[in-house]
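**Student:**
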Amino acid sequence: MSNAFRIHIFDPAFTILQILSYQSAGYLTLSIAVILVETLAGSVITLDHVFNWRSIRLDAVLGWFLSFAFLFNSCLCSIHLLHIVQRTRQCADFAITFYFFHILITVIYSGSFPWSFGWWLVMILCMGLSAVGGEHLCYQKELQPIMVGGNMTASGLRRKASTRNAGDEIELQRLTISD
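Heads up: take any position in the sequence shown, counting from 1, add 720, and you land on the numbering used here.
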(Lines of atoms letter the chains of each structure in order from A and count residues from 1; the text may use other names and numbers.)
(Lines give C-alpha, C1' and ligand atoms only; values in the text may rest on other atoms or scores of the structure.)
Protein backbone atom coordinates (compact mmCIF):
# COMPACT_ATOMS: atom_id res chain seq x y z
CA MET A 1 0.00 0.00 0.00
CA SER A 2 1.56 3.30 -1.01
CA ASN A 3 1.49 6.36 1.16
CA ALA A 4 -0.51 8.99 -0.76
CA PHE A 5 -0.38 11.70 1.90
CA ARG A 6 0.92 15.00 0.49
CA ILE A 7 2.20 13.67 -2.78
CA HIS A 8 3.39 16.57 -4.89
CA ILE A 9 3.31 16.11 -8.62
CA PHE A 10 5.16 18.75 -10.63
CA ASP A 11 2.59 20.60 -12.69
CA PRO A 12 4.07 23.64 -14.48
CA ALA A 13 0.70 24.91 -15.70
CA PHE A 14 -0.67 24.90 -12.15
CA THR A 15 2.44 26.67 -10.84
CA ILE A 16 2.21 29.35 -13.54
CA LEU A 17 -1.48 29.87 -12.73
CA GLN A 18 -0.59 30.22 -9.05
CA ILE A 19 2.09 32.81 -9.89
CA LEU A 20 -0.32 34.76 -12.08
CA SER A 21 -3.03 34.62 -9.42
CA TYR A 22 -0.64 35.75 -6.70
CA GLN A 23 0.77 38.56 -8.87
CA SER A 24 -2.74 39.74 -9.76
CA ALA A 25 -3.97 39.66 -6.18
CA GLY A 26 -0.82 41.41 -4.95
CA TYR A 27 -1.04 44.20 -7.51
CA LEU A 28 -4.78 44.61 -6.92
CA THR A 29 -4.31 45.16 -3.19
CA LEU A 30 -1.21 47.32 -3.79
CA SER A 31 -3.17 49.50 -6.20
CA ILE A 32 -5.99 49.90 -3.69
CA ALA A 33 -3.53 50.78 -0.90
CA VAL A 34 -1.67 53.28 -3.10
CA ILE A 35 -4.92 54.91 -4.29
CA LEU A 36 -6.01 55.23 -0.65
CA VAL A 37 -2.67 56.83 0.27
CA GLU A 38 -2.81 59.17 -2.74
CA THR A 39 -6.35 60.23 -1.84
CA LEU A 40 -5.48 60.85 1.82
CA ALA A 41 -2.33 62.77 0.88
CA GLY A 42 -4.14 64.82 -1.77
CA SER A 43 -1.74 63.61 -4.44
CA VAL A 44 -2.39 62.85 -8.08
CA ILE A 45 -3.41 59.24 -8.74
CA THR A 46 -0.72 57.79 -11.01
CA LEU A 47 0.97 54.48 -11.80
CA ASP A 48 4.31 56.13 -11.04
CA HIS A 49 3.64 55.59 -7.34
CA VAL A 50 3.49 51.83 -7.94
CA PHE A 51 6.08 51.24 -10.66
CA ASN A 52 8.52 54.17 -10.57
CA TRP A 53 11.30 53.66 -8.02
CA ARG A 54 11.81 57.43 -7.70
CA SER A 55 8.42 57.75 -5.96
CA ILE A 56 9.53 55.96 -2.80
CA ARG A 57 11.64 58.60 -1.14
CA LEU A 58 12.38 58.66 2.55
CA ASP A 59 12.83 62.45 2.57
CA ALA A 60 9.22 63.27 1.61
CA VAL A 61 5.93 62.65 3.37
CA LEU A 62 4.33 61.07 0.31
CA GLY A 63 7.34 58.75 -0.01
CA TRP A 64 6.83 57.57 3.57
CA PHE A 65 3.10 57.06 2.94
CA LEU A 66 3.86 55.04 -0.17
CA SER A 67 6.40 52.99 1.78
CA PHE A 68 3.77 52.18 4.39
CA ALA A 69 1.32 51.27 1.60
CA PHE A 70 3.88 48.80 0.23
CA LEU A 71 4.48 47.37 3.73
CA PHE A 72 0.73 47.09 4.35
CA ASN A 73 0.37 45.33 1.02
CA SER A 74 3.06 42.83 1.99
CA CYS A 75 0.88 41.89 4.99
CA LEU A 76 -2.04 41.41 2.62
CA CYS A 77 0.22 39.36 0.35
CA SER A 78 0.78 37.01 3.28
CA ILE A 79 -2.97 36.35 3.26
CA HIS A 80 -2.84 35.85 -0.52
CA LEU A 81 -0.10 33.25 0.02
CA LEU A 82 -2.34 31.45 2.50
CA HIS A 83 -5.23 31.24 0.05
CA ILE A 84 -3.38 30.77 -3.24
CA VAL A 85 -0.20 28.84 -2.44
CA GLN A 86 -1.32 27.01 0.73
CA ARG A 87 2.09 25.41 1.30
CA THR A 88 4.55 26.65 3.90
CA ARG A 89 7.64 25.60 1.99
CA GLN A 90 6.57 27.45 -1.18
CA CYS A 91 5.74 30.83 0.41
CA ALA A 92 9.27 32.24 0.20
CA ASP A 93 9.55 31.14 -3.44
CA PHE A 94 6.35 32.92 -4.42
CA ALA A 95 7.20 36.07 -2.43
CA ILE A 96 10.64 36.29 -4.04
CA THR A 97 9.09 35.68 -7.47
CA PHE A 98 6.57 38.48 -6.89
CA TYR A 99 9.26 41.02 -6.03
CA PHE A 100 11.59 39.77 -8.77
CA PHE A 101 8.89 40.49 -11.34
CA HIS A 102 8.16 43.80 -9.60
CA ILE A 103 11.81 44.80 -10.01
CA LEU A 104 11.69 43.87 -13.72
CA ILE A 105 8.48 45.82 -14.26
CA THR A 106 9.93 48.78 -12.35
CA VAL A 107 13.07 48.81 -14.51
CA ILE A 108 11.01 48.64 -17.71
CA TYR A 109 8.45 51.24 -16.55
CA SER A 110 10.88 53.78 -15.15
CA GLY A 111 13.52 53.20 -17.82
CA SER A 112 16.40 52.83 -15.37
CA PHE A 113 17.73 50.55 -12.68
CA PRO A 114 16.60 51.49 -9.13
CA TRP A 115 19.50 53.19 -7.34
CA SER A 116 17.61 54.46 -4.30
CA PHE A 117 18.61 52.93 -0.97
CA GLY A 118 15.14 53.67 0.41
CA TRP A 119 13.42 51.83 -2.44
CA TRP A 120 15.61 48.73 -1.98
CA LEU A 121 15.07 48.84 1.79
CA VAL A 122 11.30 48.93 1.38
CA MET A 123 11.32 46.13 -1.23
CA ILE A 124 13.53 43.85 0.91
CA LEU A 125 11.38 44.49 3.97
CA CYS A 126 8.23 43.80 1.96
CA MET A 127 9.66 40.59 0.52
CA GLY A 128 10.69 39.34 3.95
CA LEU A 129 7.44 40.36 5.61
CA SER A 130 5.25 38.68 3.00
CA ALA A 131 7.38 35.50 2.97
CA VAL A 132 7.56 35.13 6.75
CA GLY A 133 3.92 36.16 7.22
CA GLY A 134 2.76 33.73 4.55
CA GLU A 135 4.85 30.92 6.03
CA HIS A 136 3.42 31.60 9.48
CA LEU A 137 -0.18 31.63 8.23
CA CYS A 138 0.29 28.48 6.12
CA TYR A 139 2.03 26.72 9.01
CA GLN A 140 -0.88 27.57 11.33
CA LYS A 141 -3.30 26.24 8.69
CA GLU A 142 -1.31 23.02 8.34
CA LEU A 143 -1.40 22.48 12.11
CA GLN A 144 -5.19 22.48 12.24
CA PRO A 145 -6.74 19.10 12.96
CA ILE A 146 -7.87 17.04 9.99
CA MET A 147 -11.57 16.19 9.99
CA VAL A 148 -11.94 12.46 9.50
CA GLY A 149 -15.72 12.47 9.49
CA GLY A 150 -18.61 13.16 11.79
CA ASN A 151 -19.18 16.29 13.80
CA MET A 152 -17.28 18.06 16.52
CA THR A 153 -18.93 18.05 19.93
CA ALA A 154 -19.69 21.27 21.74
CA SER A 155 -16.46 21.01 23.75
CA GLY A 156 -14.39 20.21 20.67
CA LEU A 157 -12.68 17.34 22.48
CA ARG A 158 -14.43 14.40 20.83
CA ARG A 159 -15.90 13.68 17.49
CA LYS A 160 -17.51 10.48 16.34
CA ALA A 161 -17.47 9.03 12.89
CA SER A 162 -19.15 5.88 11.73
CA THR A 163 -17.81 3.66 9.04
CA ARG A 164 -20.25 2.91 6.26
CA ASN A 165 -19.39 -0.75 5.75
CA ALA A 166 -19.22 -2.25 9.21
CA GLY A 167 -21.38 0.22 11.11
CA ASP A 168 -18.75 0.44 13.84
CA GLU A 169 -18.15 3.74 15.59
CA ILE A 170 -14.73 5.22 15.91
CA GLU A 171 -14.12 7.72 18.66
CA LEU A 172 -11.32 10.21 18.19
CA GLN A 173 -10.06 12.17 21.13
CA ARG A 174 -7.64 15.07 21.29
CA LEU A 175 -4.26 14.01 22.61
CA THR A 176 -3.11 15.96 25.62
CA ILE A 177 0.40 16.23 26.91
CA SER A 178 0.66 16.05 30.66
CA ASP A 179 3.55 17.50 32.60
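Every residue, glycine too, gets a C-beta built ideally from N, C-alpha and C. Keep in mind the model is a prediction, meaning the values are calculated, not measured.
Identify which residue in Phe730, Val757, Leu845 and Phe771 has its Cα closest to the Cα of cysteine 797.
**Tutor:** The option with the nearest alpha carbon to cysteine 797 is Leu845.
**Student:** Use the C-beta contact count for phenylalanine 820: other C-beta atoms within 10 angstroms, 16 or more gives buried, fewer gives exposed.
**Tutor:** Looking at its Cβ environment, which holds fewer than 16 other Cβ atoms inside 10 Å, phenylalanine 820 is exposed.
**Student:** What is the DSSP secondary structure of glutamine 661, counted as helix, strand or coil?
**Tutor:** The first residue shown for the chain is 721 and the last is 899, placing residue 661 beyond what the model contains.
**Student:** Quick check on glycine 746: buried or exposed, where buried means 16 or more other Cβ atoms within 10 Å of its Cβ?
**Tutor:** Per the 10 Å Cβ criterion, buried.
**Student:** Rounded to whole angstroms, what's the CA-CA distance from leucine 767 to phenylalanine 730? Just pull it up for me.
**Tutor:** Rounded to the nearest angstrom, the two C-alpha atoms are 36 Å apart.
**Student:** Within a Cβ cutoff of 7 Å, which residues of the same chain sit near leucine 737, ignoring the five residues on either side of it in sequence?
**Tutor:** Excluding positions up to five away in sequence, the list is empty.
**Student:** Relative to the C-alpha of leucine 791, which residue among Ile739, Lys861, Met847 and Val868 is closest?
**Tutor:** Taking only the C-alpha atoms, the option nearest leucine 791 is Met847.
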